[in-house]
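Going line by line, the protein sequences match chains A and B. Read in order, the letters of the first sequence are residues 13 to 344 in the working numbering. Read in order, the letters of the second sequence are residues 13 to 344 in the working numbering. Quick reminder that beta carbons are idealized off the backbone N, C-alpha and C, glycines included. In what follows, a structure is listed as structure tokens, so that the remarks can point back to it.
2 protein chains.
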Amino acid sequence: MKLAKKTLNERSSHLYDVIIVGGGVGGLSAAVYLQRYRLSCLIVEKGRGRSFWMQDLRNYLGLPPDTPGRELLQQGQDYALSLGADYLRGYVEEVQDEGETFAVKVKVGKQDSLYPVFRSKYLIAASGIIDNLPQLEEMQNVYEYAGYNLHVCMICDGYEMSDKLCGLFVGSEAAINTAFVLNWFTPYITVFTHGKVEVGAEMRQKLRDYGYPLVETPIRRFLGHKHEMSGVELVDGSTVKLETGLVAMGSHYYNEYLKAIDLQWKGGNLVTDSMCRTSHPRIFAVGDLKEGVNQVSIAVADGTLAATAIWKEIRRASAPRRWEQNLIGAVS
Amino acid sequence: MKLAKKTLNERSSHLYDVIIVGGGVGGLSAAVYLQRYRLSCLIVEKGRGRSFWMQDLRNYLGLPPDTPGRELLQQGQDYALSLGADYLRGYVEEVQDEGETFAVKVKVGKQDSLYPVFRSKYLIAASGIIDNLPQLEEMQNVYEYAGYNLHVCMICDGYEMSDKLCGLFVGSEAAINTAFVLNWFTPYITVFTHGKVEVGAEMRQKLRDYGYPLVETPIRRFLGHKHEMSGVELVDGSTVKLETGLVAMGSHYYNEYLKAIDLQWKGGNLVTDSMCRTSHPRIFAVGDLKEGVNQVSIAVADGTLAATAIWKEIRRASAPRRWEQNLIGAVS
């Protein structure tokens with residue numbers, strides 16, 4: 013059921029098999045599998061994750077390539093609920109390992125917040141990442157194009173950028189190297205630092221060698237209309253014409269709630285085994301939060317793997333079910 | 013384009029980046045990614061693979077749980093074609109490793125067959141498995157229920173069998189152990205050997221302990237109507253009432269075409285690394301043919317991984333694309 017402020021108490025004494033932090037595609041896939049394995053789970057979703065912003069999900073088999081990410085999320089949420097999963101809109105503040113169980117403290121509601129604590133045997137960290145975007149005075153101007161033709165994922169949308177005039181928006185000198193992968197799709201690349209990046213002599217020379225202009229003047233706003241970005245206006249009033257763009261400014265990892273637990277990390281990513289198990293035997297990580305390729309298809313498969321591994325363990329620890337009957341009666 | 017007997021010559025001199033053996037969900041996902049990575053691929057599909065038989069695909073996020081497998085296959089095929097993939101209905105007879113390339117010999121057409129040879133830099137083995145079914149005199153009687161409520165995959169459909177009278181159809185004594193996992197979903201299990209399995213004293217005792225009847229009389233036919241199996245009639249005329257069934261008779265692996273190549277196997281499965289690469293650096297395996305969990309979501313993710321690894325390698329071996337222009341002209 014969908015939990016809300018008024019119904020929180022109904023589950024406060026329930027021990028879930030699994031609490032899933034994050035209701036993106038990885039978490040939802042795990043929930044569908046867990047419920048179908050006849051286990052109980054609670055999904056805690058803060059809202060507006062990475063796939064929520066995708067306007068066209070172009071490489072997930074089975075869905076038309078113009079399917080918005082939020083449609084997939086809605087389908088998964090509805091299906092998980094129909095299978096008996098619990099779903100709560102809230103922000104996981106802290107996870108405590110109590111030995112046999114986890115205590116998961118959730119902040120519910122932005123005003124007059126409540127802080128219920130839920131318990132589970134296993135935890136799936138599916139809270140993902142969110143891409144950093146250029147910080148302009150008018151952020152609405154950025155949101156107007158981000159996820160449309162201002163992309164954040166080259167694997168997802170490189171094809172859409174093919175041979176187009178492309179702006180590459182970077183937040184560090186290292187990120188400029190993205191240009192030398194992006195040129196597989198288009199060589200018409202202009203690099204924008206928004207005035208925030210120190211670029212060394214070697215990188216400047218490399219960009220010159222490749223013919224990729226470097227624009228260091230800060231950006232005033234994106235130009236365009238109806239979600240179709242057509243260029244950039246700089247603070248000095250000059251403009252750069254573009255047909256598409258790629259933001260490569262790093263990501264924010266939603267992993268703060270795990271900081272009290274000793275886990276193996278690689279940067280912001282959790283290190284996992286082939287079944288998505290972290291270095292903690294009862295914590296799994298799926299999707300963008302774990303090491304690997306950040307794609308919807310991978311997150312969905314991760315959910316399958318984590319749920320399957322958890323089921324296997326809970327099943328093996330449970331008493332076997334016998335058929336209490338007179339054997340002879342079975343064949344009639 | 014869709015290749016057929018008449019159009020085979022159009023591609024006979026083309027060197028594909030990748031030939032994908034098998035147009036199931038893993039192969040199609042790989043094709044979509046490869047084409048979107050601006051690589052060229054040919055899918056060779058023999059027809060009627062495992063997911064073709066699935067009547068309801070209940071745990072693949074994004075699709076309604078009553079989606080037939082063949083709908084997903086059709087969508088993937090249409091989309092891959094629209095992205096420029098080639099698709100051929102045929103049976104891969106042999107793959108030869110020529111050093112830099114593979115020569116893939118395909119049998120096209122059941123009558124007046126042609127045997128064209130196609131070449132590629134990489135190979136993706138996506139030919140999967142097919143589940144063995146009980147061999148009855150009237151196989152049509154088996155097909156009437158297989159994939160409906162006579163299931164072949166416990167992970168997929170265990171939930172549908174919950175607490176139902178369930179027939180477990182085995183092809184070996186080892187497969188009887190499936191009962192002791194299946195009992196997570198239902199304890200009302202009757203085991204059928206179809207008269208083909210020698211069952212030892214220890215297993216007989218275990219079945220008795222659990223209360224699971226063992227039926228060794230051969231099966232005459234499945235009972236039921238409109239794809240709803242309701243029991244089994246044995247050759248002695250007696251009947252056993254059932255509400256669902258699980259076939260656990262092993263699988264046939266479509267891997268004969270690889271036998272000339274030295275690869276690392278585990279049973280019928282190819283051993284792969286985390287990107288689905290086999291022990292041969294230019295052969296990848298995806299889906300049920302590789303070791304792992306046999307699920308649609310996994311095969312789709314495998315396609316993503318294999319395509320991404322191949323793209324990375326081809327990209328790195330290619331000349332970089334520069335923007336040939338006067339730099340100053342870029343900022344207008």
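Give the residues of chain B in contact with residue i, contact being defined as C-beta atoms less than 8 Å apart.
{"i": "A:G88", "result": "L73 and G74"}
Looking at the structure shown, is residue i part of a helix, part of a strand, or coil, going by DSSP?
{"i": "B:V252", "result": "strand"}
{"i": "A:W335", "result": "coil"}
{"i": "A:N195", "result": "coil"}
{"i": "A:V305", "result": "coil"}
{"i": "A:D274", "result": "coil"}
{"i": "B:M215", "result": "helix"}
{"i": "A:Y266", "result": "coil"}
{"i": "A:I340", "result": "Low local confidence applies: a pLDDT of 47 at A:I340 is under 50, so the model's placement there is unreliable, and no value is given."}
{"i": "B:T299", "result": "The question names Thr, but residue 299 of chain B in the sequence shown is Gly. Three-state DSSP puts B:G299 in a helix."}
{"i": "B:A313", "result": "helix"}
{"i": "A:E245", "result": "strand"}
{"i": "B:K238", "result": "coil"}
{"i": "B:R294", "result": "coil"}
I want to verify the contact list: residues of chain A whose CB lies under 8 Å from the CB of residue i, in sequence order.
{"i": "B:T205", "result": "Here the premise fails: no neighbours, minimum Cβ distance about 14 Å."}
{"i": "B:S309", "result": "S41, S309, V312, A313, G315 and T316"}
{"i": "B:L84", "result": "L73 and G74"}
{"i": "B:F197", "result": "R50"}
{"i": "B:P77", "result": "Y91"}
Are the beta-carbon atoms belonging to residue i and residue j less than 8 Å from one another?
{"i": "B:I31", "j": "B:V129", "result": "no"}
{"i": "A:G236", "j": "A:Y157", "result": "yes"}
{"i": "A:R23", "j": "A:D98", "result": "yes"}
{"i": "B:T190", "j": "B:L177", "result": "no"}
{"i": "A:L317", "j": "B:V37", "result": "no"}
{"i": "A:I142", "j": "A:S263", "result": "yes"}
{"i": "B:V118", "j": "B:E105", "result": "yes"}
{"i": "B:V259", "j": "B:L145", "result": "yes"}
{"i": "B:L73", "j": "A:G35", "result": "no"}
{"i": "B:N153", "j": "B:F234", "result": "yes"}
{"i": "A:R294", "j": "A:Y134", "result": "yes"}
{"i": "A:V211", "j": "A:E185", "result": "yes"}
{"i": "B:G299", "j": "B:G159", "result": "no"}
{"i": "A:E245", "j": "A:N281", "result": "no"}
{"i": "B:K17", "j": "B:L126", "result": "yes"}
{"i": "A:C168", "j": "A:N71", "result": "yes"}
{"i": "B:A321", "j": "B:M261", "result": "no"}
{"i": "A:Y171", "j": "B:R333", "result": "no"}
{"i": "A:S132", "j": "A:Y28", "result": "yes"}
{"i": "A:G183", "j": "A:V209", "result": "yes"}
Give the interface partners of residue i over in chain B, defined as CB-CB distance under 9 Å, in chain order.
{"i": "A:S174", "result": "R50"}
{"i": "A:T320", "result": "I167, V305 and Q307"}
{"i": "A:E214", "result": "Ordered by position in chain B, no residue passes the 9 Å Cβ test against A:E214, which lies about 16 Å from the chain."}
{"i": "A:R327", "result": "V193 and W196"}
{"i": "A:Y171", "result": "Q47, R48, Y49, R50 and L95"}
Please compile the residues from chain B whose C-beta is within a distance smaller than 7 Å of the C-beta of residue i.
{"i": "A:Y224", "result": "W335"}
{"i": "A:F348", "result": "An answer regarding residue 348 of chain A cannot be provided, because it is not within the stretch 13 to 344 covered by chain A."}
{"i": "A:Y45", "result": "N71"}
{"i": "A:I141", "result": "Within chain B, no residue comes near A:I141; the closest Cβ sits about 18 Å away, beyond 7 Å."}
In chain A, which residues lie with their C-beta within 9 Å of the C-beta of residue i?
{"i": "B:V37", "result": "L73 and G74"}
{"i": "B:Y28", "result": "Per Cβ cutoff of 9 Å: no residues; B:Y28 is ~18 Å from chain A at best."}
Under 7 Å between beta-carbons, which chain A residues line up against residue i? List them in chain order, please.
{"i": "B:Y200", "result": "W335"}
> Which residue spans inside the segment 141 to 193 of chain A form an unbroken alpha helix (DSSP H) run of at least 4?
Replying inline: 151 to 155 and 166 to 169
>> Suppose only complete runs of 4+ residues qualify. What are the alpha helix (DSSP H) ranges in the segment 60 to 107 of chain B, listed by chain order?
In response: 81 to 94
>> Would the segment 302 to 322 of chain A count as touching the segment 312 to 323 of chain B if we require 3 or more Cβ pairs under 8 Å?
In response: yes
> So does the segment 214 to 233 of chain B actually touch the segment 254 to 270 of chain B, counting three or more Cβ pairs closer than 8 Å?
Replying inline: no
>> Check whether the segment 55 to 68 of chain A and the segment 329 to 338 of chain A are in contact - that is, three or more C-beta pairs closer than 8 Å.
In response: no
> Can we say the segment 55 to 64 of chain A touches the segment 76 to 90 of chain A, given the rule of at least three CB pairs closer than 8 Å?
Replying inline: yes
> Are at least three pairs of beta-carbons, each pair with one atom in the segment 216 to 225 of chain B and one in the segment 276 to 293 of chain B, less than 8 Å apart?
Replying inline: no
> Can you give, in chain order, each stretch of the alpha helix (DSSP H) that sits fully within the segment 18 to 64 of chain A and has at least 4 residues?
Replying inline: 37 to 48
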